[in-house]
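Chemist: Here it is, the structure, as C-alpha cells.
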Amino acid sequence: MTLKVDEVLSMVGGTGENSYAFNNNIDKGKFGRPKAIVKQNVLELYSLLHPKNFVTADLGCSSGNNSFVLFSDIVDGINESCDKLSLSPPEIHLFLNDLQGNDFNTVFRSLNEHKEKLKKEKGEKFLPFYPVGVPGSFFTRLFPKNTVHFVYSTLSLQWLSEVPRGLVSEDGVALNPGNIYISKTSPPIVPKLYFEQYKRDFTMFLKHRAEEICSGGRMVLTYIGRSVPDHSESVGNTYIWSLFSRALNEMVAKGVIKAKDVDTFNMPLYKPSMEEVKLVTQMEGSFDIVEAEMMEPFWEFSSKTEDWVKCDSVKTGVLIAKEMRATAEVLLAAHFGEAIMDDLFSRLAEIIAEHISKEKGKHVMFTVAFQKRD
Ligand SMILES: C[S@@+](CC[C@H](N)C(=O)[O-])C[C@H]1O[C@@H](n2cnc3c(N)ncnc32)[C@H](O)[C@@H]1O
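First residue of the sequence shown? That's 25 in our numbering, and the numbers climb one at a time after it.
Structural data, given as C-alpha cells:
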C-alpha cells in the first residue's frame with residue numbers, strides 16, 4: 025500500500041521538548057543568504073508591480089519560528105523599494121500553508137509574539153499584515169488564479185507527495201531492503217524511481233504555482249538537496265538516512281522489530297541535485313531561474329541550543345537526533361509504532377555521535393529564485 029504523505033505527515037506539534045517549534049530554530053545569522061535572496065527578489069518584484077495589497081505565501085510553514093525569519097526580509101524588500109520609488113507601502117496578505125495535520129493552533133498562538141517582535145525590529149517601517157491559514161498539499165492548487173505576488177518556502181520541498189511507486193511490489197517484494205532511503209547498497213532502480221517521483225511532483229508544484237502567481241511574480245525556495253550527481257555523499261543529508269537505517273537494523277538484530285518492517289518502509293522525500301532542479305524547471309516551462317545558490321550548514325544548524333558549536337560529539341548527536349525526531353517521528357510511528365520511538369532515537373543519537381566524531385555532517389541546502397514567465 026502506498027503511503028500518502030498528505031494523510032500522515034506532520035512535524036511534532038506544540039512547543040514541548042520534542043516539538044518541531046522547540047528543536048528547529050534557525051537563527052538569522054545562519055540563514056544569511058536565503059534572507060538576502062528573498063529581500064532582493066521582493067525588492068525587484070515590488071519595484072515592477074507595486075501592488076496596493078501585497079500577497080505572499082509561505083508553503084510548508086510548520087509550527088516553528090522559521091517562517092518569520094524570512095517574512096521580515098519581505099517587509100525589508102518592500103520598504104526599500106517604496107523608499108526608492110517614493111511610494112506609500114502596501115498592506116500584506118500572508119498565507120501560511122501546510123498539510124492538514126499541521127499544528128496550525130501553535131502557529132496562530134505565536135503570531136502576536138511575532139507581530140510584536142517585528143514591530144520592535146522595524147519601528148516606523150513595520151507594515152500591517154493579515155495572516156490566513158491554508159491547509160492542503162502544495163502539490164495541489166491552493167490559491168485563486170493570478171493572485172499571489174511572492175511565494176517562499178523553507179526546508180519543505182524535499183518532501184514528496186508519496187513514496188515512489190514500485191519500491192515495494194504488490195506482493196510485498198522490497199527493492200530497497202535494509203534501507204529507508206537511497207543508500208550505497210541500493211540497486212540502481214531505487215534512485216531512478218525516486219527521481220521519477222520527484223519529477224512528477226515538482227512538475228505539478230510548478231504548474232500549480234504558475235497558475236496562482238501573477239505575471240512578474242516570484243518564488244524563492246530553500247530546500248535540502250545534494251551536491252553530487254550520484255547519492256554517495258558521506259557527510260550530506262542523504263547519509264543521515266543511512267544512519268537511520270543502521271539504527272533500525274540494530275533493532276531488527278535485537279528482535280525489537282521485524283526485518284520486513286524495515287524493508288517495506290521508504291522515506292517519502294528526495295534530495296535533488298541543482299542540475300535536476302534546473303532540468304525539471306526547464307521541462308515544465310513556466311518559470312525562469314533568476315538565482316541559485318548552495319550552502320552547506322552543519323547537521324545541527326537549526327538546533328535551538330545557542331552554543332551547539334561548543335558541544336562534544338555525544339551532545340551534538342543528541343541534538344541532531346532531537347531535530348530529526350521532531351521532523352520524522354509522526355511518520356515513522358505510523359509505520360513502526362509509537363512504542364519503539366524512544367529506543368530508535370536514542371540509538372540514532374549514539375550512531376550520529378560516533379559518525380560525527382570522525383567526520384562532521386553537513387546538509388546541502390539550495391536557495392533558488394524563480395520568476396514567472398509572461
Ligand atoms: C521541515 S518542515 C519546514 C518548516 C518550516 N518551513 C521551516 O523552515 O522550519 C517541512 C514542512 O513541510 C510540510 N510539507 C511537506 N509536504 C507538504 C505538502 N505537500 N504541502 C504542504 N506542506 C508540506 C510539512 O508538513 C512540514 O511542516
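Don't be surprised by glycine CBs; every beta carbon is placed ideally from N, CA and C.
Taking its Cβ as the centre, do 16 or more other Cβ atoms sit within 10 Å of D336, making it buried, or is it exposed?
Modeler: D336 is exposed by the Cβ-count criterion.
Chemist: Write down the C-beta distance between L368 and M275 rounded to the nearest angstrom, noting that I regard them as a contact closer than 8 Å.
Modeler: Right, the Cβ-Cβ distance comes to about 7 Å (below 8 Å), so this counts as a contact.
Chemist: So R242 packs on L69, CB below 8 Å; how close in whole Å?
Modeler: Indeed, because the Cβ distance is near 5 Å, the residues count as touching under 8 Å.
Chemist: Between L267 and Q64, what straight-line distance do the alpha-carbon atoms span, to the nearest angstrom?
Modeler: Looking at the two C-alpha atoms, the distance is approximately 38 Å.
Chemist: Nearest CA to the CA of R397: which residue from V342, T305, A363 and E347?
Modeler: The option with the nearest alpha carbon to R397 is T305.
Chemist: So, is D331 buried or exposed, given that buried needs 16 or more other C-beta atoms within 10 angstroms?
Modeler: Note that D331 scores a pLDDT of 49, beneath 50, so its modelled location is shaky; the value from the coordinates is reported in the next line. Exposed is the call here.
Chemist: Would you decide whether T246 is buried or exposed? Buried here means 16 or more other CB atoms lie within 10 Å of its CB.
Modeler: So T246 counts as buried.
Chemist: Which of the three DSSP states, helix, strand or coil, is assigned to Y294?
Modeler: If DSSP states are grouped into helix, strand and coil, Y294 belongs with coil.
Chemist: Name the two residues that bound the continuous beta strand (DSSP E) containing D122.
Modeler: Looking at the DSSP string, the run of the beta strand (DSSP E) that includes D122 is E115 to D122.
Chemist: For the beta strand (DSSP E) containing H173, name the first residue and the last one.
Modeler: Its beta strand (DSSP E) spans residues V172 to T178.
Chemist: Given this structure, state the Cα-to-Cα distance separating S161 from V280, to the nearest angstrom.
Modeler: Computed Cα separation, rounded: 34 Å.
Chemist: Mind checking S269: buried by the 16 CB within 10 Å criterion, or exposed?
Modeler: Buried.
Chemist: What are the uninterrupted segments assigned as alpha helix (DSSP H) that are 4 or more residues long and contained completely in the segment 208-296, given in chain order?
Modeler: Entirely contained in the segment 208-296, the alpha helix (DSSP H) runs reaching 4 residues are, in chain order, 213-236, 261-277 and 283-287.
Chemist: Ends of the beta strand (DSSP E) at A137?
Modeler: It should be pointed out that residue 137 corresponds to Glu in this sequence rather than to Ala. First-last for E137: L135 to K146, but that is the alpha helix (DSSP H), not the beta strand (DSSP E).
Chemist: Could you tell me which residues DSSP pairs with Q395 in its beta bridges?
Modeler: Paired residues: R242 and D312.
Chemist: Where does N90 sit, in a helix, a strand or coil, going by DSSP?
Modeler: If DSSP states are grouped into helix, strand and coil, N90 belongs with the helices.
Chemist: I need the boundaries of the beta strand (DSSP E) containing A81, first residue and last residue.
Modeler: Here the beta strand (DSSP E) through A81 covers N77 to L83.
Chemist: On the three-state DSSP scale, how would you describe K63?
Modeler: Correct three-state label for K63: helix.
Chemist: Which residue marks the beginning of the beta strand (DSSP E) containing F153, and which one marks its end?
Modeler: Run containing F153: F153 to P159, per the beta strand (DSSP E) assignment.
Chemist: Run through the DSSP bridge pairs and tell me what V29 is partnered with.
Modeler: For V29, which the question treats as bridged, DSSP gives no partner whatsoever.
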